[in-house]
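Student:
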Amino acid sequence: MTSFLSHIAALVLSVCTALSFLFVFPPSPQTESVKFASSLGAGWNLGNTLEAWRVPEPDDTETCWGNPKTTKELISFLKQSGFETVRIPVTWFQHLDSDGNIESEWLDRVNEVVDWVLDSGMNAVLNVQHDDQDWLIANSENEERACKTLASIWAQIAERFKDYDDRLIFETMNEPRVVGADDEWGGNDEGRAVVNRLNLAALKAIRESGGKNADRYVFITDYAASDLEENFTALEMPDDSRVMVSLHYYPGTAHRSEFADCEEKLTFEQRRDIYKKLRAFYNAFSKKGVGVCITEFGWTDREHLDNLAEKADYLVSTAKRFGFCCFVWDNGLDFSVIDRENLTVAYPSYAEAITGKRP
504 MTSFLSHIAA LVLSVCTALS FLFVFPPSPQ TESVKFASSL GAGWNLGNTL EAWRVPEPDD
564 TETCWGNPKT TKELISFLKQ SGFETVRIPV TWFQHLDSDG NIESEWLDRV NEVVDWVLDS
624 GMNAVLNVQH DDQDWLIANS ENEERACKTL ASIWAQIAER FKDYDDRLIF ETMNEPRVVG
684 ADDEWGGNDE GRAVVNRLNL AALKAIRESG GKNADRYVFI TDYAASDLEE NFTALEMPDD
744 SRVMVSLHYY PGTAHRSEFA DCEEKLTFEQ RRDIYKKLRA FYNAFSKKGV GVCITEFGWT
804 DREHLDNLAE KADYLVSTAK RFGFCCFVWD NGLDFSVIDR ENLTVAYPSY AEAITGKRP
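FYI, in this note's numbering the residues of the sequence shown are 504 to 862.
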């Protein structure tokens, strides 16, 4: 009898522990920022393409990381596959002249891809991606140069696209950090403060360019676009109703360079951890009227596709309930979703989960 009662007590305790954690989805203030971020829907990253770089500089940076040149047919296929927004990562430092001017041929190529996305009926997000390999170093020593260069690049981009409508969104930076530092991904107070000032420099250049950039929606990000609470809670929001937050979240990982597999099915603990992370994003931003987008997420495991789809479905659907949008990272390699050579969906169940079409 004593043993039986002990088992009952243990069962009651475990149930109470589970019930003590409630998955609650409070409403967000329906500000311009929150509503617009939510409207962006299922997103896809044109990864390892226009942001590719190499030293010495290759003849064609767009293909130097192994992906084919982007085509209008690829963009149309993305639309047909259920994606609503394409994030276009771009690296600029290998395309600047000695005076900091963007090469016209490069800007024309970026412009062409943006036009294809918009002409297809999707939204486009344009950013500054891997310039952290050159001038974009988030520390006090380099801050003056970084702010000046970032503002100059954004002034030129903004001038080119000043007549484009709201379906083109700018993103100030991608994962701004100090590459190679011991705390490269974790950051420190100095780096977080520098990133705040870099965001302001970019936003100022965009707004001052005039035209439709005066009230264009703009993503800013925290140190390393990090999901670490000490980083994203240090992000300072400017007084601007059309600014949103871009964050990266690779569930089950402590660092951007390590990725969890999907060998096991989605557990209660994993659901809880994803919920808690997204709730923390909500508390920091959406609750205060700031729109949130997870502009990169993904897993590299392609051996356990049912589990992969289940995890993606849970992340995307939970984010949607908080009013966030999510953009899957597709580098054409281990994070691939789309076969760009053959214009097919490489992993249909994964794509269905991302686009909200999973049975």
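Note that CB positions come from ideal geometry on N, CA and C, so glycine has one too.
Return the bridge partner residues of histidine 864 from the DSSP annotation.
Tutor: No answer is possible for residue 864: the residues shown for the chain start at 504 and end at 862.
Student: Would you say threonine 588 and cysteine 765 are within 9 Å of each other, going by their C-beta atoms?
Tutor: Working through the sequence shown from its first residue, we reach residue 588 at position 85. Working through the sequence shown from its first residue, we reach residue 765 at position 262. Cβ distance not < 9 Å, so threonine 588 and cysteine 765 don't count as in contact.
Student: So aspartate 867 packs on leucine 750, CB below 8 Å; how close in whole Å?
Tutor: Past the boundaries of the shown model lies residue 867; the chain is included only from 504 to 862, so the question cannot be answered.
Student: Indicate the three-state DSSP secondary structure (helix, strand or coil) for leucine 610 in the structure shown.
Tutor: Locating residue 610 in the sequence shown gives position 107, counting from the first residue. In the structure shown, leucine 610 sits in a helix (DSSP, three-state: H, G or I).
Student: Closer than 7 Å by C-beta to aspartate 634: which residues in its own chain qualify, once you throw out the five before and the five after it? Chain order, please.
Tutor: Position 131 of the sequence shown, counted from the start, is the residue given in the question as residue 634. So the list reads Thr594, Trp595 and Phe596, once near-sequence residues are dropped.
Student: In whole angstroms, what separates the C-alpha of valine 819 from that of glycine 544?
Tutor: Locating residue 819 in the sequence shown gives position 316, where the first residue counts as 1. Locating residue 544 in the sequence shown gives position 41, where the first residue counts as 1. About 10 Å.
Student: By the 10 Å Cβ neighbour count, where 16 or more other Cβ atoms means buried, how is asparagine 604 classified, buried or exposed?
Tutor: The count along the sequence shown starts at 1 and reaches residue 604 at position 101. Residue environment for asparagine 604: exposed (fewer than 16 other C-beta atoms within 10 angstroms of its C-beta).
Student: Just checking, does the segment 793-805 make contact with the segment 837-852 on the three C-beta pairs under 8 Å criterion?
Tutor: yes
Student: Which word fits asparagine 626, buried or exposed, when buried means at least 16 other C-beta atoms lie within 10 angstroms of its C-beta?
Tutor: The count along the sequence shown starts at 1 and reaches residue 626 at position 123. By the neighbour-count rule (16 or more Cβ atoms within 10 Å), asparagine 626 is buried.
Student: Check whether the Cβ atoms of asparagine 845 and asparagine 548 lie closer than 9 Å to each other.
Tutor: Looking up residue 845 in the sequence shown gives position 342. Looking up residue 548 in the sequence shown gives position 45. Contact flag unset, no.
Student: Using a Cβ-Cβ cutoff of less than 6 Å, which residues in the same chain neighbour alanine 737 once the five nearest sequence positions on both sides are dropped?
Tutor: Here residue 737 refers to the residue found at position 234 of the sequence shown. Arg695.
Student: What residues are listed by DSSP as bridge partners for glutamate 799?
Tutor: Residue numbering aside, residue 799 sits at position 296 when the sequence shown is read from its first letter. His751, per the DSSP bridge assignment.
Student: Are there 16 or more other CB atoms within 10 angstroms of the CB of phenylalanine 786, so buried, or fewer, so exposed?
Tutor: As a first step, residue 786 must be located in the sequence shown, where it is residue number 283. This sequence places asparagine at residue 786; phenylalanine is not what is there. With fewer than 16 Cβ atoms within 10 Å of its Cβ, asparagine 786 is classed as exposed.
Student: Verify whether the separation of the beta carbon atoms of leucine 629 and valine 617 is less than 9 Å.
Tutor: Stepping through the sequence shown from its first residue, residue 629 is reached at position 126. Stepping through the sequence shown from its first residue, residue 617 is reached at position 114. Yes, they are a contact pair.
Student: Just mark serine 760 as buried or exposed, buried being the case when its beta carbon has 16 or more other beta carbons within 10 Å.
Tutor: To locate residue 760, count along the sequence shown from 1; it is residue 257. Here serine 760 scores only 39 on pLDDT, less than 50, and its place in the model should not be relied on; the value that follows carries that caveat. Exposed is the call here.
Student: Go ahead and label lysine 768 buried or exposed: buried means 16 or more other beta carbons lie within 10 angstroms of its beta carbon, across all protein chains shown.
Tutor: The residue you call residue 768 lines up with position 265 of the sequence shown. Flag for lysine 768 reads exposed.
Student: Among residues of its own chain, excluding the 5 on either side of threonine 552, which ones have a beta-carbon nearer than 7 Å to its beta-carbon?
Tutor: Sequence index remark: in the sequence shown, residue 552 carries index 49 (1-based). Cβ neighbours of threonine 552 beyond the five flanking positions: Glu565, Asn570 and Thr573.
Student: Helix, strand or coil for phenylalanine 838? Go by DSSP, reduced to three states.
Tutor: In the sequence shown, the residue the question calls residue 838 occupies position 335. Note: phenylalanine 838 maps to coil in three-state DSSP.
Student: Spatial neighbours of tyrosine 720 within its chain, please: CB distance less than 7 Å, with the 5 preceding and 5 following residues excluded, ordered by chain position.
Tutor: Taking the first residue of the sequence shown as position 1, residue 720 is located at position 217. The answer, listed in chain order, is Phe539, Asp669, Ile672, Arg745 and Met747.
Student: Looking at arginine 648 and tryptophan 657, is the spacing between their C-beta atoms short of 9 Å?
Tutor: To locate residue 657, count along the sequence shown from 1; it is residue 154. To locate residue 648, count along the sequence shown from 1; it is residue 145. Cβ distance not < 9 Å, so tryptophan 657 and arginine 648 don't count as in contact.
Student: Helix, strand or coil, according to DSSP, for glutamate 739 in the structure here?
Tutor: Numbered from its first residue, the sequence shown carries residue 739 at position 236. Look at glutamate 739 here: in three-state DSSP terms it is coil, with no helix or strand label.
Student: Quick check: what's the CA-CA separation for alanine 684 versus glutamate 644?
Tutor: For this step, residue 684 is matched to residue 181 along the sequence shown. For this step, residue 644 is matched to residue 141 along the sequence shown. If I take the Cα positions, the gap works out to 14 Å.
Student: CB-CB under 7 Å to arginine 710, same chain, minus the five flanking residues each way: which ones, in chain order?
Tutor: Within the sequence shown, the letter at position 207 stands for residue 710. Hits under 7 Å: Asn716 and Ala717.
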